[in-house]
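Asker:
Number of protein chains: 2
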Amino acid sequence: MNITIDFIVDYYQNIESYKVLSQVEPGYLKKLLLESAPYYPESIETILQDIQKYIIPGITHSVAAPRSGQGSPNYFAYFPSSGSTVGFLVEILSTGFNVVGFNWMSSPAATELECIVIYWLGEMLMLPKSFLFKGNGGGVLQGTACEAILCTLAAARDQMLNRYGSEKMEKLVVYGFDQTHSALQKAVQIAGCHTKNFRAIKTMKSNSFGLCPNSLRDVVHADVKAGLVPLFLCATVGTTSTNAIDPIGPLCEVAKDFNIWVHVDAAYAGSACICPEFRHFIDGIEGANSFTLNAHKWFLTTLDCCYLWVKDPSALIKSLSTNLEFLRNKATDSKLVMDYKHWQKTLSRRFRAMKLWLVLRSYGVANLRNFLRSLVKMAKLFEELLRNDNRFEVVAPRNFALVCFRKLLESIIGSGNVYMSSTMVDGAYIIWCAIGATLTEERHVIRAWKVIQEHANALLSKN
Amino acid sequence: MNITIDFIVDYYQNIESYKVLSQVEPGYLKKLLLESAPYYPESIETILQDIQKYIIPGITHSVAAPRSGQGSPNYFAYFPSSGSTVGFLVEILSTGFNVVGFNWMSSPAATELECIVIYWLGEMLMLPKSFLFKGNGGGVLQGTACEAILCTLAAARDQMLNRYGSEKMEKLVVYGFDQTHSALQKAVQIAGCHTKNFRAIKTMKSNSFGLCPNSLRDVVHADVKAGLVPLFLCATVGTTSTNAIDPIGPLCEVAKDFNIWVHVDAAYAGSACICPEFRHFIDGIEGANSFTLNAHKWFLTTLDCCYLWVKDPSALIKSLSTNLEFLRNKATDSKLVMDYKHWQKTLSRRFRAMKLWLVLRSYGVANLRNFLRSLVKMAKLFEELLRNDNRFEVVAPRNFALVCFRKLLESIIGSGNVYMSSTMVDGAYIIWCAIGATLTEERHVIRAWKVIQEHANALLSKN
């Protein structure tokens, strides 16, 4: 076992020497590995050598390092999955126990610890009581926000169809914005809602790319007039493209008038709301029906781990439960316990609560806040560097630790030394710098900025 | 980091001293832990002590041990999640890299290794070329078979609605049997198909609890006559209740006549089909549209890890893809690579291929077959012990490593020394002994048998 641990430790010690972005060509790996599975066993040593030679060059080193002080991220593309030493250790623990906690009885600690960490984080976020177990709401850990959106959409859909009849299926309308995560569209497709009844309402730069409640009202109005049935709104706190904030409170007001289920997707930015100074970004959440954040995005937890809170667990459970004899047992029949298999899509489930419990305890609320603040502070620094150079434009307001700016993308990505990504917003091509890898320090941000400037200089001198 | 590893090693060294089944009462954990998250950090040592004191007593020790020769399973309930030393080590590796491989570019090695291990296992299973990449089919690793059923159902549904118009949604019929896994019913619910159009066709003991193709034909006929549209059939190789085998070939013949998508769920038993002597259980698979097995059930891999093969990946991709600007990149646009995010429900995905690659290499085909054979052999032994004791009845034919028998369940479960579970089949209450935990040896099976006999003796002497 030690050889494997040492291998990972070495990886992190050397991580700054790797190109952040993999430089391999499509199909490279097939040429390097056997065509068929080996008939006889191979040693771990041999396999680790192959990982070093063949796999590591094909990995984008977006990770955060398990040894603090060491290596890591010149990675600023997409939202970094913010692992941590603790997140990694606890993955070892939760894998080691290999718990399959589909119902309470299959491992009571898994279900009970999950209720506890969900309550802890709900409290840290100052969620209204209606979302917490003690207020008849409740929460569950799922894989990713994609899964959470699908499950809540199915719950909303079934609630509506039970009320108005299943023949309304074709009439149901789902609302998002042009900046909403693709998970919503995918959920609409999987849930069998009509893709032609999916509205991606246009946002504008003038509105900081957040949704205007009046635009929503107009669109919903038109749908109702056309005989359609408004069903579901996905509002976002911290959109993927620009970290825009949809105004939760005012949007919920509109939704209430039309009896629309409001799901708030704070997959990335939700974690920051445990800092009192950022909590206002989810003001109005009491008007929503469900709320989600990905702990693996910005909460020091390895992929995958998503918090979902709902006001009405029974709606979720009605859509997702099946009752099978082979899973019946005294504990469930007693109604004293809850079985999380009815709160999610799959039956088997991993012991994700263990990861969060360790992160919460080993950091403590105080240090979790400090961690999040330090990343936001670095993003501010990067933003200032950009604003002081007139060859660049900051394209959207920086709310958290993402800075969107304009210029020179391909040449920056191509270098492999720093990795940023691009997006289209409001018809313009912009660059995306997301600061969030656990080990990123100011010096990495400043180095990234230097690389960008060098490219700008080189390009300008060519012209 | 070492303290965590040592902790897990100790756990396995002591595992035989724990009651297999947790003895805690509902709500036990809430009384033991803080009501809110701690404000200041706590040490890993403190947390590990709490895990020992509070969590381990609430875990069902169904795991397989990472140190062979040590500890473990007197666990025969449900299908054991067959972790292994290698499966555990590789979880460390795949977590350590913390790869988020949603598209090729985000980590080329993740996508390419996945294609390779899917091809390797496809070959080991002697899947027809039409399911393999080289025959225009292909495969993907998902979380569990539940997810795979949902994704294939959505693909089948959309293919059908595109052909016949979306107004047929209410008419679509999905077929399973009373022994089909609840995942099918859940998928029907989530995919928005009418639950009244979900047929759980009755199987009978006389038919070894497998589906009779004639029964299927009759039911489908009646549906067509009633103006409904047959859509999807889920056939099972190794049902959860009794390990029954639905006859794939003949069922596919019926399905073909009605243009029904056939999904073969071999979640548990599929692994065994890498042994030539068990391959016949999936004969006829060439007539199916999709095929799945859970590597975490019986392939030495930790939860979660499910293989899904499809004959027509484009059907899957059409239902599950969304095209978003922020994930565009040269590699994808070149069409030289595939992006697995279009093959599954979520966007982010873990590096599951790494787990399988290590299992396949470090065991080799030879030892994987030996492992599976040894468990089947132990189940045979247990079956013989039962058949030689006239107080017990073996209720269904034993095909793999599950033995279903009748009598005395509650008192056996309650003892906590061995853990078996129960199910209802054909109106009768039966006991379920699934042999599959990686470290189970003959002596554990014989001990389980002694416990069962002692209980039988005790009960009979009371009367």
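Residue numbers (our numbering), protein chains in the order written: chain A, 330 to 792; chain B, 330 to 792. Idealized CB from N, CA, C, for every residue including glycine. The structure displayed is predicted, hence computed values, not measured ones.
What in chain A is Cβ-close to Asp-633 (chain B), meaning under 7 angstroms?
Answerer: On the second sequence, residue 633 (chain B) is found 304 positions in, with the first residue counted as 1. In chain order: Ser-677, Arg-679.
Asker: Counting pairs of Cβ atoms below 8 angstroms between the segment 510 to 517 of chain B and the segment 471 to 491 of chain B, do you hit three or more?
Answerer: Short answer: they touch.
Asker: Just checking: is the beta-carbon of His-592 (chain A) within a distance shorter than 8 angstroms of some beta-carbon in chain B?
Answerer: The sequence position of residue 592 (chain A) within the first sequence is 263, counting from 1. Not an interface residue.
Asker: Taking only beta-carbon atoms, is Met-453 (chain B) less than 8 angstroms away from chain A?
Answerer: Along the second sequence, one-based indexing puts residue 453 (chain B) at 124. Chain A, which has a Cβ nearer than 8 angstroms to the Cβ of Met-453 (chain B), makes this yes.
Asker: So, helix, strand or coil for Ile-764 (chain B), using DSSP?
Answerer: Numbered from its first residue, the second sequence carries residue 764 (chain B) at position 435. Here Ile-764 (chain B) sits in coil by DSSP.
Asker: Please report how far the alpha carbon of Thr-333 (chain A) lies from the alpha carbon of Met-455 (chain B), in whole angstroms.
Answerer: As a first step, residue 333 (chain A) is located in the first sequence; it is residue number 4 there, counting from the start. As a first step, residue 455 (chain B) is located in the second sequence; it is residue number 126 there, counting from the start. Between Thr-333 (chain A) and Met-455 (chain B), the C-alpha separation is close to 33 angstroms.
Asker: Does DSSP classify Gly-505 (chain A) as helix, strand or coil?
Answerer: Position 176 of the first sequence, counting from 1, holds the residue named residue 505 (chain A). Strand at Gly-505 (chain A).
Asker: Assess, as a yes-or-no matter, whether the segment 578 to 596 of chain A is touched by the segment 523 to 530 of chain A under the definition of 3 or more beta carbon pairs within less than 8 angstroms.
Answerer: These segments do not touch.
Asker: Measuring only the C-alpha atoms, how far is Phe-506 (chain A) from Gly-430 (chain B)?
Answerer: Translated into positions along the first sequence, residue 506 (chain A) becomes position 177. Translated into positions along the second sequence, residue 430 (chain B) becomes position 101. Computed Cα separation, rounded: 26 angstroms.
Asker: Using alpha carbons as the reference points, say which of A:Leu-704, A:Cys-604, A:Gln-782, A:Leu-768 lies closest to Ala-695 (chain A).
Answerer: Residue numbering aside, residue 695 (chain A) sits at position 366 when the first sequence is read from its first letter. That would be A:Cys-604, whose Cα lies nearest to the Cα of Ala-695 (chain A).
Asker: Counting only beta-carbon separations shorter than 8 angstroms, does Tyr-493 (chain B) have a partner in chain A?
Answerer: As a working mapping, residue 493 (chain B) is identified with position 164 in the second sequence. So no, Tyr-493 (chain B) is outside the interface.
Asker: Taking only beta-carbon positions, decide if Ser-691 (chain B) is within less than 8 angstroms of chain A.
Answerer: Translated into positions along the second sequence, residue 691 (chain B) becomes position 362. It does; some Cβ of chain A falls within 8 angstroms.
Asker: Considering only their Cβ atoms, is the gap separating Ala-601 (chain A) from Trp-627 (chain A) smaller than 8 angstroms?
Answerer: In the first sequence, residue 627 (chain A) corresponds to position 298, counting from 1. In the first sequence, residue 601 (chain A) corresponds to position 272, counting from 1. Yes, the Cβ-Cβ distance between Trp-627 (chain A) and Ala-601 (chain A) is below 8 angstroms.
Asker: Cβ closer than 7 angstroms: which chain A residues qualify as neighbours of Trp-449 (chain B)?
Answerer: As a position in the second sequence, residue 449 (chain B) is number 120, starting the count at 1. The contacting residues are Ser-365, Ala-366.
Asker: How about Tyr-636 (chain B) and Leu-649 (chain B): do their beta carbons lie closer than 8 angstroms?
Answerer: Your numbering for residue 636 (chain B) matches position 307 in the second sequence. Your numbering for residue 649 (chain B) matches position 320 in the second sequence. Against a cut-off of 8 angstroms, the Cβ pair of Leu-649 (chain B) and Tyr-636 (chain B) comes out as no contact.
Asker: Counting pairs of Cβ atoms below 8 angstroms between the segment 364 to 374 of chain A and the segment 682 to 695 of chain B, do you hit three or more?
Answerer: Yes, since at least three Cβ pairs between the segment 364 to 374 of chain A and the segment 682 to 695 of chain B fall closer than 8 angstroms, the two stretches touch.
Asker: For Ile-614 (chain A), I'd like the list of residues in its chain whose CB is within less than 7 angstroms of its CB, leaving aside the five on either flank, ordered along the chain.
Answerer: Indexing the first sequence from 1 puts residue 614 (chain A) at position 285. Taken in chain order, the residues that qualify are Leu-456, Pro-457, Ile-577, Val-593, Phe-620.
Asker: Grab me the residues of Lys-531 (chain A)'s own chain with a C-beta within less than 8 angstroms of its C-beta, minus the 5 sequence neighbours each way, in chain order.
Answerer: Start at 1 with the first residue of the first sequence, and residue 531 (chain A) comes out as number 202. Around Lys-531 (chain A): Phe-506, Asp-507, Ser-544.
Asker: What are the start and end residues of the beta strand (DSSP E) that includes Phe-527 (chain B)?
Answerer: Here residue 527 (chain B) refers to the residue found at position 198 when the second sequence is read from its first residue. First-last of the beta strand (DSSP E) with Phe-527 (chain B): 527 to 530.
Asker: Using a Cβ-Cβ distance cut-off of 8 angstroms, determine whether Lys-348 (chain B) contacts chain A.
Answerer: Against the second sequence, residue 348 (chain B) aligns to sequence position 19. Cβ-Cβ to chain A under 8 angstroms: no for Lys-348 (chain B).
Asker: Could you tell me which chain A residues have their CB closer than 8 angstroms to the CB of Asn-432 (chain B), listed as they occur along the chain?
Answerer: By 1-based counting over the second sequence, the position of residue 432 (chain B) is 103. Per Cβ cutoff of 8 angstroms: no residues; Asn-432 (chain B) is ~10 angstroms from chain A at best.
Asker: Should the segment 436 to 447 of chain A be regarded as contacting the segment 372 to 389 of chain B, the criterion being three or more beta carbon pairs within less than 8 angstroms?
Answerer: Contact holds: three or more Cβ-Cβ distances are below 8 angstroms.
Asker: Got a sec, what are the start and stop residues for the alpha helix (DSSP H) Trp-627 (chain B) sits in?
Answerer: As a working note, residue 627 (chain B) is residue 298 in the second sequence. Run containing Trp-627 (chain B): 624 to 627, per the alpha helix (DSSP H) assignment.
Asker: For the segment 601 to 627 of chain A, enumerate the residues whose C-beta is nearer than 7 angstroms to any C-beta of chain B, in chain order.
Answerer: Per Cβ criterion, the list is empty.
Asker: Identify which residue in A:Glu-770, A:Ile-445, A:Ser-365, A:Thr-424 has its Cα closest to the Cα of Trp-638 (chain A).
Answerer: To locate residue 638 (chain A), count along the first sequence from 1; it is residue 309. It is A:Ile-445.
Asker: Can you list the residues of chain A that Tyr-369 (chain B) reaches, using a CB-CB cut of under 7 angstroms?
Answerer: To locate residue 369 (chain B), count along the second sequence from 1; it is residue 40. The answer, in chain order, is Gly-693, Ala-695.
Asker: Excluding five sequence neighbours on each side, which residues of the same chain lie with their C-beta closer than 8 angstroms to the C-beta of Tyr-340 (chain B)?
Answerer: Here the question's residue 340 (chain B) lines up with position 11 in the second sequence. Cβ neighbours of Tyr-340 (chain B) beyond the five flanking positions: Ile-385.
Asker: Quick one, are the C-beta atoms of Thr-571 (chain B) and Ala-725 (chain B) less than 8 angstroms apart?
Answerer: What you label residue 571 (chain B) is simply residue 242 of the second sequence in a count that begins at 1. What you label residue 725 (chain B) is simply residue 396 of the second sequence in a count that begins at 1. It is a contact, given that the beta carbons lie within the stated cut-off.
Asker: Quick check on this structure: which residue in A:Trp-778, A:Val-666, A:Ile-764 has the alpha carbon closest to the alpha carbon of Lys-359 (chain B)?
Answerer: Position 30 of the second sequence, counted from the start, is the residue given in the question as residue 359 (chain B). Out of A:Trp-778, A:Val-666, A:Ile-764, A:Val-666 has the C-alpha closest to the C-alpha of Lys-359 (chain B).
Asker: Mind checking if Met-489 (chain B) is an interface residue toward chain A, Cβ cutoff 8 angstroms exclusive?
Answerer: Looking up residue 489 (chain B) in the second sequence gives position 160. By this cut-off, Met-489 (chain B) is not an interface position.
Asker: Can a CB atom of chain B be found closer than 8 angstroms to the CB of Gln-381 (chain A)?
Answerer: For the purposes of this step, residue 381 (chain A) is taken as the residue at position 52 of the first sequence. No - not a single Cβ of chain B is within 8 angstroms of the one on Gln-381 (chain A).
Asker: Measure the C-alpha to C-alpha separation of Arg-492 (chain A) and Phe-462 (chain A) and round it to an integer number of angstroms.
Answerer: Here residue 492 (chain A) refers to the residue found at position 163 when the first sequence is read from its first residue. Here residue 462 (chain A) refers to the residue found at position 133 when the first sequence is read from its first residue. Their backbone Cα atoms lie some 26 angstroms apart in a straight line.
Asker: Output needed in chain order: residues of the segment 513 to 524 of chain A with a Cβ under 8 angstroms from some Cβ in chain B.
Answerer: The segment 513 to 524 of chain A vs chain B, Cβ under 8 angstroms: Gln-514, Lys-515, Gln-518, Ile-519, Ala-520, Gly-521, Cys-522, His-523.
Asker: In the DSSP assignment, find the beta strand (DSSP E) that holds Asp-594 (chain B) and state where it starts and stops.
Answerer: Along the second sequence, one-based indexing puts residue 594 (chain B) at 265. Residues 590 to 594.
Asker: Any beta-carbon of chain A closer than 8 angstroms to the one on Ala-529 (chain B)?
Answerer: The residue labelled residue 529 (chain B) in the question sits at position 200 within the second sequence. For Ala-529 (chain B), the answer is no, since every Cβ of chain A falls outside 8 angstroms of its Cβ.
Asker: Counting C-beta neighbours from all protein chains within 10 Å, is the total for Lys-684 (chain B) 16 or more, i.e. buried, or is it exposed?
Answerer: Position 355 of the second sequence holds residue 684 (chain B). That one is buried.
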